[in-house]
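One structure is given below, encoded as structure tokens.
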Amino acid sequence: MSDIVLELQNVTRIFGEGDTQVKALDDVSFSIKRGEFVLIVGSSGSGKSTLLNMIGLLDKPTSGKVILDGKQTTTLNDGQVSQYRNEKLGFVFQFANLLPDLTVLENVMLPQQIQRSSEDIRQNATDLLIKVGLEDQINKRSNKISGGQAQRAAIARGLVNRPTIVLADEPTGNLDSVTAGKVVKLAKTMAKELNQTFIIVTHDRDQFPDVDRVITIIDGKAFDGKETIMEITS
Ligand SMILES: Nc1ncnc2c1ncn2[C@@H]1O[C@H](COP(=O)(O)OP(=O)(O)OP(=O)(O)O)[C@@H](O)[C@H]1O
Ligand SMILES: [Mg+2]
Numbered sequence: 042m043s044d045i046v047l048e049l050q051n052v053t054r055i056f057g058e059g060d061t062q063v064k065a066l067d068d069v070s071f072s073i074k075r076g077e078f079v080l081i082v083g084s085s086g087s088g089k090s091t092l093l094n095m096i097g098l099l100d101k102p103t104s105g106k107v108i109l110d111g112k113q114t115t116t117l118n119d120g121q122v123s124q125y126r127n128e129k130l131g132f133v134f135q136f137a138n139l140l141p142d143l144t145v146l147e148n149v150m151l152p153q154q155i156q157r158s159s160e161d162i163r164q165n166a167t168d169l170l171i172k173v174g175l176e177d178q179i180n181k182r183s184n185k186i187s188g189g190q191a192q193r194a195a196i197a198r199g200l201v202n203r204p205t206i207v208l209a210d211e212p213t214g215n216l217d218s219v220t221a222g223k224v225v226k227l228a229k230t231m232a233k234e235l236n237q238t239f240i241i242v243t244h245d246r247d248q249f250p251d252v253d254r255v256i257t258i259i260d261g262k263a264f265d266g267k268e269t270i271m272e273i274t275s
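Under this note's numbering, think of the first position of the sequence shown as 42, with each following residue one higher.
Given below as structure tokens:
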């Protein structure tokens, strides 16, 4: 198993045509290793979501390559892309997006691959819910839990297929700072315990102290490394 789980090679994404053309990503290249906890930061409109959509196989570059767990993905067809996405990626969004009529456990069981036995699926989801500290909320309906609890359940759901990478877009954007701090701490503990790669987009760099990597996006260009960022932003 290679240590590199993700490689972007000269990724450019252009929206629109002619005068209204926007180069949302401009020749972005970097690679990410298994177990790394990576932040993507940058001001509004800099290209963060566009980048996350590339990594999440939700959109394709205008030019360049996205190599996820050893496979070049930009030449795959739509069906192959969705299958590979389900296999390799877990998603956590700004709002937990739990289905309100299902229990917490049922929500976490949802993404799991159908070829597994149902007892396996239930056990795996239960184990993760215990890990994220929700053992006493497992059978509650998900519209009866707090925002922080819902976001912890969303992290459990993002991890349940043991994805190669968990992608999160502003996962703490909807939480007060104390709850956000707890969610961040949890994500980091999970990253360490499971050697799980996380890539997190955030406006709020301060919410995430001590991460492994920071990639700053400025006008569609990526700058890698914590020191570089200090120089650019200070
Ligand atoms: N579908 C689209 N069509 C045209 N332009 C787009 C599209 N999506 C994004 N853009 C443009 O690409 C640039 C980058 O947008 P992106 O959404 O990636 O920014 P962002 O860093 O996520 O911003 P925010 O922090 O506000 O979410 C912006 O100029 C945006 O207007
Ligand atoms: Mg965005």
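Glycine included, C-beta positions come from ideal geometry on N, C-alpha and C.
DSSP places Ser183 within a helical segment (H, G or I) once states are collapsed to three. Proximity to Asp265 across Gly59, Leu80, Ile45 peaks at Leu80, based on C-alpha coordinates. In the three-state reduction of the DSSP assignment, Asn138 falls in the coil class.
Here Asn202 has Asn127, Glu128, Gly131, Pro152, Gln153, Gln154 as same chain residues with Cβ atoms under 8 Å from its own Cβ, once five neighbours each way along the sequence are excluded. The C-beta separation of Ala232 from Gly76 comes to about 7 Å, placing the pair in contact by the 8 Å criterion. For ligand 2, a non-hydrogen atom lies closer than 7 Å to the CB of Ser90. Counted as a single uninterrupted DSSP element, the beta strand (DSSP E) harbouring Gln50 occupies residues 45–56. Contact between the stretch 244–262 and the stretch 78–93 is present, with at least three C-beta pairs closer than 8 Å. In this structure, the alpha-carbon of Ile171 lies about 31 Å from that of Ser90. For Ser87, the Cβ falls inside the 7 Å cut-off from some heavy atom of ligand 1. Thr114 and Arg198 have their C-alpha atoms spaced approximately 24 Å apart. In this structure, Ile196 lies near Val133, with their beta-carbon atoms less than 8 Å apart. Excluding five sequence positions before and after Lys229, the CB atoms of its chain that fall closer than 7 Å to its own CB belong to Phe78, given in chain order. Our two residues, Lys181 and Leu175, have alpha carbons roughly 10 Å apart in a direct line. Where Gly105 is concerned, the enclosing beta strand (DSSP E) starts and stops at 104–109. Ranked by Cα distance from Phe136, the first of Pro102, Ser187, Ile179 is Ser187. Contact between the stretch 103–112 and the stretch 44–55 is present: three or more C-beta pairs spanning the two stretches fall below 8 Å.
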